[in-house]
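The structure under discussion appears below in the form of structure tokens.
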Amino acid sequence: MKRQGQTLSLKNLTKSNVWDIQENDVFRLWAQAERDADLRDNERHYIDVIKSAFTIEEVKVNRPEVIKKYEARGCQVGEIRLDEGTKVKWALKKKPILRVTDLTWENIHHISAQKLIEVLERNFGGGWESLPQSVQDIILSGFDVSTTTLPTARLKKPGGLYDKKVADGCEVLEISKGAWTEAIFAKEKPMAVVTRTKFPTPEELSKEDDLLDGDDEDLPEDEDEKKRNDEDDEDYDEDKLTEESYRTTFDTNPEELDIQADEVGDDDDF
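Note that UniProt numbering gives residue 79 to position 79 of the sequence shown, counting from 1, and the numbers run on in steps of one.
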């Protein structure tokens with residue numbers, strides 16, 4: 001399968017894009033990875049990524065009636081090969097997003113605005129401000145959200161904010177508050193391209209240190225420049241600098257000040 005032009009595999013599966021796949025995709029991707037030599041070395045990592053979006057149960061009793069019980073719970077049962085050729089059966093089930101506490105930084109970009117409204121409606125009572133700040137931050141990372149509280153009779157006034165938001169593609173949740181109604185508008189934000197930082201390995205850091213050490217040895221000490229810097233330090237007079245920089249008084253004849261004061265007084269009469 002492909003996502004945004006990229007062929008998805010266990011190697012590039014993350015705790016974010018794993019929410020785009022379903023149970024049968026997990027089994028297919030694992031079967032493809034069985035041919036790769038690095039499966040054994042990265043097996044634990046792959047399982048951790050899958051577990052972030054799926055519940056995994058090992059089916060230890062391989063009987064039809066047991067498998068049917070798993071399937072009745074919404075699980076998909078399949079066989080995978082672990083390291084050293086060990087084969088096990090997994091019962092996989094995608095984790096549901098039913099409550100606001102199910103929303104995470106990883107899955108918020110993989111639900112629709114309609115799904116978000118359903119989750120909010122299932123949990124709401126006090127309105128947008130009743131949500132914990134941490135939940136608001138997660139939602140706002142994936143959606144543009146705005147609210148308004150108006151008398152119920154005026155909320156859907158033709159040409160008003162409600163009509164404009166709906167026309168702009170927003171999903172709306174209405175929360176009744178007596179004679180007033182709070183409307184919460186949500187619209188999906190476009191997925192941003194995230195650039196991840198590649199950190200250097202210990203070997204790369206060691207090479208950089210060797211290069212830096214070698215450069216320091218090759219740089220001759222500039223005695224003339226050092227001498228000039230020392231002379232500049234000697235010429236520096238802190239007391240003189242302070243006096244010149246922060247002086248705020250002016251040498252003025254007292255009689256001139258009296259004249260200026262009289263002029264100011266005459267201007268005030270106007």
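Note that the Cβ used here is the ideal one computed from N, Cα and C, for glycine as well.
Quick test of your reading: residue i and residue j, contact by CB under 8 Å. State the CB separation rounded to the nearest angstrom.
{"i": "residue 111", "j": "residue 97", "result": "6 Å"}
{"i": "residue 53", "j": "residue 18", "result": "4 Å"}
{"i": "residue 183", "j": "residue 174", "result": "6 Å"}
{"i": "residue 104", "j": "residue 138", "result": "7 Å"}
{"i": "residue 58", "j": "residue 113", "result": "That pair is no contact at about 37 Å."}
Quick check on this structure: which residue in the options has the alpha carbon closest to the alpha carbon of residue i?
{"i": "residue 34", "options": "87, 49, 106, 54", "result": "87"}
{"i": "residue 39", "options": "85, 90, 14, 123", "result": "85"}
{"i": "residue 21", "options": "45, 36, 89, 49", "result": "49"}
{"i": "residue 24", "options": "82, 58, 7, 94", "result": "94"}
{"i": "residue 29", "options": "91, 125, 80", "result": "80"}
{"i": "residue 26", "options": "152, 76, 115", "result": "76"}
{"i": "residue 43", "options": "11, 61, 121, 147", "result": "11"}
{"i": "residue 64", "options": "149, 152, 89, 108", "result": "89"}
{"i": "residue 36", "options": "107, 83, 170, 67", "result": "83"}
{"i": "residue 92", "options": "70, 149, 106", "result": "70"}
{"i": "residue 150", "options": "31, 119, 179", "result": "179"}
{"i": "residue 121", "options": "9, 99, 154, 147", "result": "99"}
{"i": "residue 177", "options": "162, 152, 165, 163", "result": "152"}
{"i": "residue 126", "options": "181, 109, 47", "result": "181"}
{"i": "residue 273", "options": "78, 147, 60", "result": "One cannot answer for residue 273 here, as it falls past the ends of the chain, which runs 1 to 270."}
Quick one: give me the first and last residue of the alpha helix (DSSP H) that residue i is part of.
{"i": "residue 30", "result": "23 to 33"}
{"i": "residue 156", "result": "From DSSP, residue 156 is part of no alpha helix (DSSP H); its letter is neither H nor E."}
{"i": "residue 166", "result": "161 to 167"}
{"i": "residue 141", "result": "133 to 142"}
{"i": "residue 50", "result": "39 to 51"}
{"i": "residue 119", "result": "113 to 123"}
Residue i lies in the beta strand (DSSP E); which residues open and close that run?
{"i": "residue 188", "result": "180 to 188"}
{"i": "residue 127", "result": "Residue 127 -> no beta strand (DSSP E), and no H or E assigned at all."}
List the residues that DSSP assigns as beta-bridge partners of residue i.
{"i": "residue 105", "result": "In the DSSP output, where bridge partners are listed per residue, residue 105 has none listed."}
{"i": "residue 61", "result": "Answer by DSSP bridge pairing: none, since residue 61 is not bridged."}
{"i": "residue 146", "result": "185"}
{"i": "residue 176", "result": "181"}
{"i": "residue 76", "result": "92"}
{"i": "residue 171", "result": "186"}
{"i": "residue 87", "result": "81"}
{"i": "residue 55", "result": "93"}
With 7 Å as the threshold, decide whether the Cβ of residue i is near any Cβ in chain C.
{"i": "residue 148", "result": "The structure shown contains no chain C, having only a single protein chain."}
Does the count of Cβ pairs from the segment 176 to 193 and the segment 134 to 149 closer than 8 Å reach three? yes
Taking contact to mean at least 3 C-beta pairs separated by less than 8 Å, is the segment 154 to 167 in contact with the segment 125 to 135? These segments do not touch.
Using a Cβ distance threshold of 8 Å, determine whether the segment 15 to 31 contacts the segment 51 to 66, with at least three qualifying pairs required. Taking a cut-off of 8 Å on C-beta distances, the segment 15 to 31 touches the segment 51 to 66, as three or more cross pairs fall below it.
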